[in-house]
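The structure under discussion appears below in the form of structure tokens.
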Amino acid sequence: MSEQALHNIHDINKSTFGRSSRITELLHKCLSVAVVCLQRDLFPRPGDFTLLRIFGVSTMVVCVVSPQGVNRMGRDSLVGLGGPRRKDWHDYEAIRRDATRSGNGEQGKAFPLTDADRVDQAYRENGFNIFVSDRISLNRSVPDIRHPNCKQKLYAERLPNTSIIIPFHNEGWSSLLRTVHSVLNRSPPQLIAEIILVDDFSDKDHLKGALEEYMVRLPKVRILRTKKREGLIRTRLLGAAAAKGEVITFLDSHCEANINWLPPLLDRIALNRKTIVCPMIDVIDHDNFGYETQAGDAMRGAFDWEMYYKRIPIPAELQKNDPSEPFESPVMAGGLFAVDRKWFWELGGYDTGLEIWGGEQYEISFKVWMCGGRMEDIPCSRVGHIYRKYVPYKVPGGVSLARVSVASSLSLQKSRSKPPACTGVSAAHNIAALNGSESSGVTVDQELAEAGAPSFDTEAEELRCADSLCMTAESNLLAPDVARPCDL
1 MSEQALHNIH DINKSTFGRS SRITELLHKC LSVAVVCLQR DLFPRPGDFT LLRIFGVSTM
61 VVCVVSPQGV NRMGRDSLVG LGGPRRKDWH DYEAIRRDAT RSGNGEQGKA FPLTDADRVD
121 QAYRENGFNI FVSDRISLNR SVPDIRHPNC KQKLYAERLP NTSIIIPFHN EGWSSLLRTV
181 HSVLNRSPPQ LIAEIILVDD FSDKDHLKGA LEEYMVRLPK VRILRTKKRE GLIRTRLLGA
241 AAAKGEVITF LDSHCEANIN WLPPLLDRIA LNRKTIVCPM IDVIDHDNFG YETQAGDAMR
301 GAFDWEMYYK RIPIPAELQK NDPSEPFESP VMAGGLFAVD RKWFWELGGY DTGLEIWGGE
361 QYEISFKVWM CGGRMEDIPC SRVGHIYRKY VPYKVPGGVS LARVSVASSL SLQKSRSKPP
421 ACTGVSAAHN IAALNGSESS GVTVDQELAE AGAPSFDTEA EELRCADSLC MTAESNLLAP
481 DVARPCDL
């Protein structure tokens, strides 16, 4: 045999051996991945692999590894042949990172106070101890106090994205930024369309150029500003009109989102777009910033005859075997909730005659139930909230909480005595603010059209939209004769 032939045989053997080695190595890696996936299926625990379980005539387990490595999120599951794909939206990398954090306020622990820390100045401008807030990390960790069942739940793989709307007036620097950072840190990025900070005519220097300069590094955040003091409700409406997301999520400016808080909310809206969903609201102590659940935890919203919001136990006949499951609630607390953007405007949005917090939650709650929708509290979604020691600022026109609540109840009574018109229609005083949105590069009409919101009629000084206090036999068997049917 010639020397050239021997050389060719050597090259062939070398190439074959190389391919064989690579195949063997690949098979070994696949086997290792399969073992880990099988372990995860049999013994669920936080991990790095995406688990795809297919249930059909036969059952098999497949591990999906991307070219960049294993998926950093959780499990995927395909339920039934052709069924909806469900996904574990937990970010286990972020959970592990938070678990290693230590320092002031970390893990939601109370900040140790001295007598010097309790000076009035710390409360005077914010209604909570801003001195302590400023000494706690903007990215601090919080305790996962969800029901254990929440950690195993899967949610729809395809969820609508959301615009997070955060109105504020003279909010403390650290409390506002911690709200934004907690949302970004604990939300799947693809579910956040944008975060809209709506400044209701603040006069604090740190909320002007410094805030705009800081937010440049956070591309999903934009700032809108009113041209005069509008109050909470019209400020929220400004943000809602500018929103581009499929869902609108309202938060207060002194909150901290907890682990995997967003998918449980969006999942319920994906199932029924006429569902308004509220997270469990945990308590961040206004003095030491300790993070804990409210007394009684999961309870339904209600109100007394003075229109003050109350929390009442879930009746025994309505309690579920699984306490992590969503449950219906007559009214919401008001500050933290998510709603389909188009459904929000079909309901007429907010009555812009309401000035401050304390009555708007009843208006929205009444309308959603009267128009064939539903309202749910979601135990697997938790957001911490600082309950101020007192309100540290003046409200527009000196409007009191009682006046707002009475106005809301009178609005409801009127709706039962005459054909229902669009509630929340007087918006002329908000048009100037909408036109003056400093972060927007489009006109109000175009922005509203893109957002799917009703258009403003400046001459009639009202908002054009469908009847919002309509009735159906299914939604209210005791509907008054004057009520018109909903076009559902």
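Start counting the sequence shown at 1; every next residue gets the next number (UniProt numbering).
Backbone N, C-alpha and C fix where the C-beta goes; we use that ideal spot for every residue, glycine too.
Report yes if the C-beta distance between residue i and residue j is below 7 Å; otherwise report no.
{"i": "Gln294", "j": "Met332", "result": "no"}
{"i": "Arg236", "j": "Phe201", "result": "no"}
{"i": "Asn149", "j": "His181", "result": "no"}
{"i": "Arg234", "j": "Thr162", "result": "no"}
{"i": "Ile281", "j": "His385", "result": "yes"}
{"i": "Ile259", "j": "Asp144", "result": "yes"}
{"i": "Leu197", "j": "Ile166", "result": "yes"}
{"i": "Ile192", "j": "Lys220", "result": "yes"}
{"i": "Pro279", "j": "Ile378", "result": "yes"}
{"i": "Asp252", "j": "Gly335", "result": "yes"}
{"i": "Ser324", "j": "Cys255", "result": "no"}
{"i": "Gly172", "j": "Ile223", "result": "no"}
{"i": "Ala122", "j": "Thr249", "result": "no"}
{"i": "Tyr155", "j": "Pro313", "result": "no"}
{"i": "Ser329", "j": "Gly373", "result": "no"}
{"i": "Phe111", "j": "Phe289", "result": "yes"}
{"i": "Lys153", "j": "His286", "result": "no"}
{"i": "Lys244", "j": "Trp343", "result": "no"}
{"i": "Ala257", "j": "Val183", "result": "yes"}
{"i": "Ile136", "j": "Asn185", "result": "no"}
May I ask which residues mark the beginning and end of the alpha helix (DSSP H) holding residue i?
{"i": "Gly239", "result": "Leu232 to Ala242"}
{"i": "Leu184", "result": "Trp173 to Asn185"}
{"i": "Met215", "result": "Gly209 to Met215"}
{"i": "Ala270", "result": "Leu262 to Leu271"}
{"i": "Ala94", "result": "Tyr92 to Ala99"}
{"i": "Ile312", "result": "Counting along the chain, Ile312 falls outside any alpha helix (DSSP H), though it belongs to the beta strand (DSSP E) covering Tyr309 to Ile312."}
I'd like to know whether the C-beta of residue i is nearer than 7 Å to at least one C-beta of chain B.
{"i": "Val198", "result": "Absent from the structure: chain B. Only one protein chain is present."}
In this structure, does DSSP put residue i in helix, strand or coil?
{"i": "Ala428", "result": "Confidence at Ala428 is low in this model, with a pLDDT of 34, below 50, so its placement is unreliable and the value that follows should be read with caution. Here Ala428 sits in helix by DSSP."}
{"i": "Ser455", "result": "Low confidence applies here, because Ser455 scores a pLDDT of 44, under 50, leaving its location unreliable and the question unanswered by this model."}
{"i": "Ala421", "result": "Note on Ala421: pLDDT 38, under 50, position unreliable in the model; no value is reported."}
{"i": "Phe366", "result": "helix"}
{"i": "Gly384", "result": "strand"}
{"i": "Gly301", "result": "strand"}
{"i": "Arg124", "result": "helix"}
{"i": "Pro148", "result": "helix"}
{"i": "Leu138", "result": "coil"}
{"i": "Pro143", "result": "coil"}
{"i": "Pro279", "result": "strand"}
{"i": "Ser102", "result": "coil"}
{"i": "Pro188", "result": "coil"}
{"i": "Leu224", "result": "strand"}
{"i": "Phe327", "result": "strand"}
{"i": "Ala156", "result": "strand"}
{"i": "Phe250", "result": "strand"}
{"i": "Glu306", "result": "coil"}
{"i": "Val444", "result": "Here Val444 scores only 40 on pLDDT, less than 50, and its place in the model should not be relied on; the value that follows carries that caveat. Looking at Val444 - three-state DSSP - the assignment turns out to be helix."}
{"i": "Asp203", "result": "coil"}
{"i": "Asp285", "result": "coil"}
Considering Cα atoms alone, identify which of the options is closest to residue i.
{"i": "Leu159", "options": "Ala94, Val247 and Val183", "result": "Val247"}
{"i": "Arg146", "options": "Val383, Lys389 and Tyr387", "result": "Val383"}
{"i": "Cys371", "options": "Ala243, Glu346 and Asp91", "result": "Glu346"}
{"i": "Ser141", "options": "Ala302, Gly334 and Glu292", "result": "Glu292"}
{"i": "Lys310", "options": "Leu265, Ala298, Gly245 and Asp98", "result": "Ala298"}
{"i": "His90", "options": "Asn272, Phe289 and Trp261", "result": "Trp261"}
{"i": "His169", "options": "Lys227, Ala110 and Thr100", "result": "Lys227"}
{"i": "Ser175", "options": "Pro326, Val183, Leu354 and Ser133", "result": "Ser133"}
{"i": "Glu157", "options": "Asp88, Ala210, Arg178 and Arg225", "result": "Asp88"}
{"i": "Leu266", "options": "Gly108, Leu238 and Arg341", "result": "Arg341"}
{"i": "Ile284", "options": "Thr179, Gly348 and Met375", "result": "Thr179"}
{"i": "Met215", "options": "Leu177, Arg85 and Ala316", "result": "Leu177"}
Could you spell out where the beta strand (DSSP E) holding residue i opens and where it closes?
{"i": "Asp340", "result": "Phe337 to Asp340"}
{"i": "Asp199", "result": "Ile192 to Asp199"}
{"i": "Ile163", "result": "Note that residue 163 is Ser in the sequence shown, not Ile. Per DSSP, Ser163 belongs to the beta strand (DSSP E) from Thr162 to Phe168."}
{"i": "Phe131", "result": "Where Phe131 is concerned, there is no enclosing beta strand (DSSP E), although the alpha helix (DSSP H) it sits in stretches over Ile130 to Ser133."}
{"i": "Glu256", "result": "Cys255 to Ala257"}
{"i": "Lys274", "result": "Counting along the chain, Lys274 falls outside any beta strand (DSSP E), and DSSP gives it neither H nor E."}
{"i": "Lys87", "result": "Arg85 to Lys87"}
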